[in-house]
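A.B. asks: Pasting in a structure now, in structure tokens, and then I'll have a few things to ask.
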Amino acid sequence: MEDEKMISDIYAIYLREILRLWRQKVRLVTMIMMPLLWLGVIGNAFNSVMNLPTQGDFLSFLTPGILVMTMVFTATISGITTVFDREFGFLKEMLVTPIKRESILIGKMLGGVTQAVLQGILILILAIFMGVKFSGAMSIPGMFLTMFLVSIAFVSLGLAVASKITSMEGFQMVMNFMIQPMIFLSGAFYPTTFLPDWLKIMVKINPLTYGVDAMRYFAIGVNEFNIIADLLILLIFSITMILIGGHFFRKS
Amino acid sequence: MPAIEVRNLVKRFGSIVAVNGISLEIEYGEIFALLGPNGAGKTTTISILATLLKPTSGEAKINGYDVVKEAAKVRQSIGIVFQDPSLDDRLTARENLDIHGRLYHMSREERQRRIEEVLEMVELLDRADSIVKTFSGGMRRRLEIARGLMHKPKVLFLDEPTLGLDPQTRRHIWEYVEKLRDEGVTVLLTTHYMEEADYLADRIAIIDAGKIVAEGSPSELKDSVGGDIIKIKCSDAENMLKKLVSNGYDAMLVDDEIVIKAKEAEKMIPKIFAIADEEIKSITYKEPSLEDVFIHYTGKVFRDEEVDEIEASKMKWRMRR
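Chains as they are written, first to last, in numbering that gives the first Met the number 0: chain A, 0 to 251; chain B, 0 to 320.
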């Protein structure tokens, strides 16, 4: 009975997130435009000047990286929407209803994950049209698992940040000093084997590296690390972020 | 058992005492107003009763449930309309109500029926499927009242329900609050508009600096001041006051006006003229208003300057949205 109630509460919060997304057509358009630009313009441009001897054509190499990057952005931003809830009073409305705080948290997280995974699927479809062949082992389920782990980690990160930082300016700072370096140092855009040693260390301590590596493994069968290690590190990272996000959200 | 029972409620924020020992008893079906200037502790009190804040000390029960120990049951028993807007303005009116209903575990049929009912009541049924963003301030308020009623709460809190609305819209909201009597819901509203409390409330508690200074029905409160109110403006008010007091008049100085309480004002006025050497600029008398009640119990005017400033900034904030 209690569990049933909790599930319907989570669904109510989730439903609101999805309705909001559906109403904000600009966000939907951005979701399509961003990967179109990255894959269509950047991807194809580099494809004609870069030639990777070991890793096939560059567009196929770049696609999993862009997929992870776009999802990280989408997930983080959706976590940040709690800032708006607080500013526009809806958080208070949720807090006076009899539902548990955990239900609000889980509903919001699932809303963000849905949005990020949806974004991922859009990119996959786009990539297929551009001639990228997904040939990795366990392609589809593997990619979905990786997408889920990456997005829940960054939705939680967004929630944690949103609980601490209450302004849009602060949010910009987080994006510039946390998310962007993580993406650039994850091997999303280039193979890390050619990097100088000090950068390689930065790449290795970056949890997102393993997300990109796993995605590349499942998508095109190319990877630098062990896939089991990738997934384990990613899983630990996600759980840590969920705990941190949950902690800050409850406290705020 | 009363609907709301508050005993010796205290809330401190650091060294500031926002609520300083409030006690209240409100019966089921009553419309009760907490009247006081901004910063008097009204919103803090409501926040404690709605389980959003924990009291420093004291006890409060809603519908028989303790607000600290049985918060979940209290939340199930109450509805609240906040001072600041709290709708999701990307959703339609219907969706806002539907999600609210889901959070109170109402069944699909129940939700559908109730949405029609409450929207009908606040006359928004024709706008049910419009996005809230397109609503005016008054419409949003009405929708928030509808949402507060959606799950049939025993007690409804209205925190400054007409703050920042124009007089016409305010009247309109009053009509809906009046209708709540038919719903049988107990209403606790806060306001700093005298005429709002006077018009709506069965009983009023006047609150100042975290304390209740007077309580009763509007007419009881006015009677407690004792008769009529005479107000005099004159050139040397200080001197005039001294003379009046020494002649046994119940007079005091409020701002630059002398205020006298009188049993039969029309007979007293000629006598006042007889005493006064001072040049009397104007003299008026009237039956006491709630404002006079406030002055009577606190010895100060109901300050509106600060309030206006806060209100202005709030309104600006609302317009921005």
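Glycine is no exception: its CB is placed at the ideal position from the N, C-alpha and C atoms. Remember, predicted model here, so these are calculated numbers, not experimental data.
From Ile164(A) to Glu159(B), what does the alpha carbon distance come to, in whole angstroms?
C.D. replies: In the first sequence, the residue the question calls residue 164(A) occupies position 165. In the second sequence, the residue the question calls residue 159(B) occupies position 160. Each residue's alpha carbon lies about 29 Å from the other.
A.B. asks: Against chain A, does Glu305(B) count as a neighbour if the rule is that its beta carbon must be under 9 Å from one of theirs?
C.D. replies: Along the second sequence, read from residue 1 onward, the residue named residue 305(B) stands at position 306. Low confidence applies here, because Glu305(B) scores a pLDDT of 46, under 50, leaving its location unreliable and the question unanswered by this model.
A.B. asks: Taking the alpha-carbon of Ser155(A) as reference, which of His246(A), Ala44(A) and Glu1(A) has the nearest alpha-carbon?
C.D. replies: By one-based count along the first sequence, residue 155(A) stands at place 156. Of His246(A), Ala44(A) and Glu1(A), the residue nearest in Cα terms is His246(A).
A.B. asks: Is DSSP giving Glu308(B) helix, strand or coil here?
C.D. replies: As a first step, residue 308(B) is located in the second sequence; it is residue number 309 there, counting from the start. Annotation note: pLDDT 47 at Glu308(B) (below 50); position unreliable, coordinate value reported separately. Here Glu308(B) sits in helix by DSSP.
A.B. asks: Check the Cβ of Leu14(A) against every Cβ in chain B and list those closer than 9 Å, keeping chain order.
C.D. replies: By 1-based counting over the first sequence, the position of residue 14(A) is 15. Correct list: Glu94, Asp97, Ile98 and Arg101.
A.B. asks: Taking only three categories from DSSP, how would you classify Glu263(B)?
C.D. replies: As a working mapping, residue 263(B) is identified with position 264 in the second sequence. Glu263(B): coil per DSSP, three-state reduction.
A.B. asks: If the cut is a Cβ gap below 8 Å, which residues of chain B does Ile9(A) touch?
C.D. replies: Translated into the one-based positions of the first sequence, residue 9(A) becomes position 10. Within chain B, no residue comes near Ile9(A); the closest Cβ sits about 10 Å away, beyond 8 Å.
A.B. asks: Return helix, strand or coil for Asn175(A), following the three-state DSSP convention.
C.D. replies: Taking the first residue of the first sequence as 1, we reach residue 175(A) at position 176. Looking at Asn175(A) - three-state DSSP - the assignment turns out to be helix.
A.B. asks: If the cut-off is 8 Å on Cβ atoms, which residues from the stretch 169–190 of chain A count as contacting chain B, listed in chain order?
C.D. replies: none
A.B. asks: How should Leu96(B) be labelled, buried or exposed, when 16 other C-beta atoms within 10 angstroms of its C-beta is the threshold for buried?
C.D. replies: On the second sequence, residue 96(B) is found 97 positions in, with the first residue counted as 1. Answer is buried; the Cβ neighbour count reaches 16.
A.B. asks: Under 7 Å Cβ to Cβ from Trp316(B), same chain only, skipping five residues before and after it: list those, please.
C.D. replies: Looking up residue 316(B) in the second sequence gives position 317. Its pLDDT being 48, under 50, Trp316(B) is placed unreliably in this model, and the coordinates cannot settle the point.
A.B. asks: Residues in the same chain with beta-carbon distance under 7 Å from Tyr13(A), minus the five sequence neighbours each way, listed in chain order, please.
C.D. replies: For this step, residue 13(A) is matched to residue 14 along the first sequence. Excluding residues within five positions, the ones whose Cβ falls inside 7 Å are Gly106, Leu109 and Gly110.
A.B. asks: For the alpha helix (DSSP H) that Asn95(B) lies in, which residues bound it at each end?
C.D. replies: Sequence index remark: in the second sequence, residue 95(B) carries index 96 (1-based). Run containing Asn95(B): Ala92 to Leu102, per the alpha helix (DSSP H) assignment.
A.B. asks: For Met172(A), count neighbouring Cβ atoms within 10 angstroms of its own Cβ and tell me buried if that reaches 16, exposed if not.
C.D. replies: Here the question's residue 172(A) lines up with position 173 in the first sequence. When all chains shown are included, Met172(A) counts as exposed.
A.B. asks: What residues of chain A sit near Ser85(B), judged by a beta carbon separation below 7 Å?
C.D. replies: Here residue 85(B) refers to the residue found at position 86 of the second sequence. Those are Gly88, Phe89, Lys91 and Glu92, listed as they occur along chain A.
A.B. asks: Is there a C-beta anywhere in chain A that falls below 9 Å from the one on Ala71(B)?
C.D. replies: As a working note, residue 71(B) is residue 72 in the second sequence. Yes, Ala71(B) lies at the interface with chain A (some Cβ there is under 9 Å from its Cβ).
A.B. asks: Specify the secondary structure class of Gly226(B) as computed by DSSP and reduced to three states.
C.D. replies: Position 227 of the second sequence, counted from the start, is the residue given in the question as residue 226(B). Three-state DSSP puts Gly226(B) in coil, outside helix and strand.
A.B. asks: May I have the straight-line CA-CA distance separating Lys346(B) from Thr297(B), to the nearest angstrom?
C.D. replies: Since the first and last residues shown for chain B are 0 and 320, residue 346(B) lies out of range.
A.B. asks: Following the continuous alpha helix (DSSP H) through Gly110(A), name the residue where it begins and the one where it ends.
C.D. replies: Taking the first residue of the first sequence as position 1, residue 110(A) is located at position 111. Note, Gly110(A): alpha helix (DSSP H), Arg100 to Phe128.
A.B. asks: Going by C-alpha to C-alpha distance, which of Trp173(B), Arg139(B) and Asp249(B) sits closest to Asp87(B)?
C.D. replies: Locating residue 87(B) in the second sequence gives position 88, counting from the first residue. Taking only the C-alpha atoms, the option nearest Asp87(B) is Arg139(B).
A.B. asks: Return the first residue and the last residue of the alpha helix (DSSP H) that Met149(B) is part of.
C.D. replies: In the second sequence, residue 149(B) corresponds to position 150, counting from 1. Where Met149(B) is concerned, there is no enclosing alpha helix (DSSP H), given that its DSSP letter is neither H nor E.
A.B. asks: List the residues of chain B that Lys4(A) touches, going by C-beta distances under 9 Å, in chain order.
C.D. replies: Taking the first residue of the first sequence as position 1, residue 4(A) is located at position 5. Lys4(A) reaches chain B at His104, counting residues in chain order whose Cβ is nearer than 9 Å.
A.B. asks: Identify every run of the alpha helix (DSSP H) within the stretch 34–89 of chain A, keeping only runs that are complete inside it and at least 4 residues long; order them along the chain.
C.D. replies: 43–48 and 57–86
A.B. asks: With a cut-off of 8 Å on the beta carbons, I'd call Ile206(B) and Gly40(B) a contact; round off their distance for me.
C.D. replies: If you number the second sequence from 1, residue 206(B) lands on position 207. If you number the second sequence from 1, residue 40(B) lands on position 41. Confirmed, Cβ separation roughly 6 Å.
A.B. asks: So which of Glu4(B), Gly13(B) and Phe31(B) has the shortest CA-CA distance to Val176(B)?
C.D. replies: Within the second sequence, numbered from 1, the residue matching residue 176(B) stands at position 177. Cα-wise, what sits closest to Val176(B) is Phe31(B).
A.B. asks: Quick one: residues in its chain with C-beta nearer than 7 Å to the C-beta of Val5(B), no 5 flanking neighbours on either side, listed in chain order?
C.D. replies: Within the second sequence, the letter at position 6 stands for residue 5(B). If we look at Val5(B) and ignore the five residues flanking it on each side, its Cβ neighbours are Ile21, Ser22, Leu23 and Ala59.
A.B. asks: What would DSSP say about Asn225(A), mapped onto helix, strand or coil?
C.D. replies: On the first sequence, position 226 is the one that residue 225(A) refers to. Here Asn225(A) sits in coil by DSSP.
A.B. asks: Taking the continuous alpha helix (DSSP H) assigned at Tyr10(A), which residues delimit it?
C.D. replies: As a working mapping, residue 10(A) is identified with position 11 in the first sequence. Segment Glu1 to Arg22, the alpha helix (DSSP H) holding Tyr10(A).
A.B. asks: Consult DSSP for Ile164(A) and reduce its assignment to one of helix, strand or coil.
C.D. replies: As a first step, residue 164(A) is located in the first sequence; it is residue number 165 there, counting from the start. Note: Ile164(A) maps to coil in three-state DSSP.
A.B. asks: Going along the chain, which residues of the stretch 198–209 of chain B sit with their C-beta nearer than 9 Å to a C-beta in chain A?
C.D. replies: none
A.B. asks: By the three-class DSSP mapping on this structure, what secondary structure does Leu207(A) have?
C.D. replies: Translated into the one-based positions of the first sequence, residue 207(A) becomes position 208. If DSSP states are grouped into helix, strand and coil, Leu207(A) belongs with the helices.
A.B. asks: Give a yes or no on whether the C-beta atoms belonging to Ile172(B) and Arg141(B) are separated by under 9 Å.
C.D. replies: For this step, residue 172(B) is matched to residue 173 along the second sequence. For this step, residue 141(B) is matched to residue 142 along the second sequence. Result yes, Cβ atoms of Ile172(B) and Arg141(B) sit closer than 9 Å.
A.B. asks: Output the distance between the C-alpha atoms of Phe170(A) and Gly39(A), rounded to the nearest integer angstrom.
C.D. replies: On the first sequence, position 171 is the one that residue 170(A) refers to. On the first sequence, position 40 is the one that residue 39(A) refers to. Answer to the nearest angstrom: the Cα atoms are 28 Å apart.
A.B. asks: Which one of Phe60(A), Leu36(A), Val95(A) and Met33(A) has the shortest CA to CA distance from Leu325(B)?
C.D. replies: Here chain B covers residues 0 to 320 and nothing more, so residue 325(B) does not appear.
A.B. asks: For chain A, find out if any of its Cβ atoms is closer than 9 Å to the Cβ of Gln75(B); answer yes or no.
C.D. replies: Taking the first residue of the second sequence as 1, we reach residue 75(B) at position 76. Among the residues facing chain A, Gln75(B) is included, as its CB has a counterpart in that chain under 9 Å away.
A.B. asks: Check whether the Cβ of Asp88(B) lies closer than 9 Å to any Cβ atom in chain A.
C.D. replies: On the second sequence, residue 88(B) is found 89 positions in, with the first residue counted as 1. Chain A, which has a Cβ nearer than 9 Å to the Cβ of Asp88(B), makes this yes.
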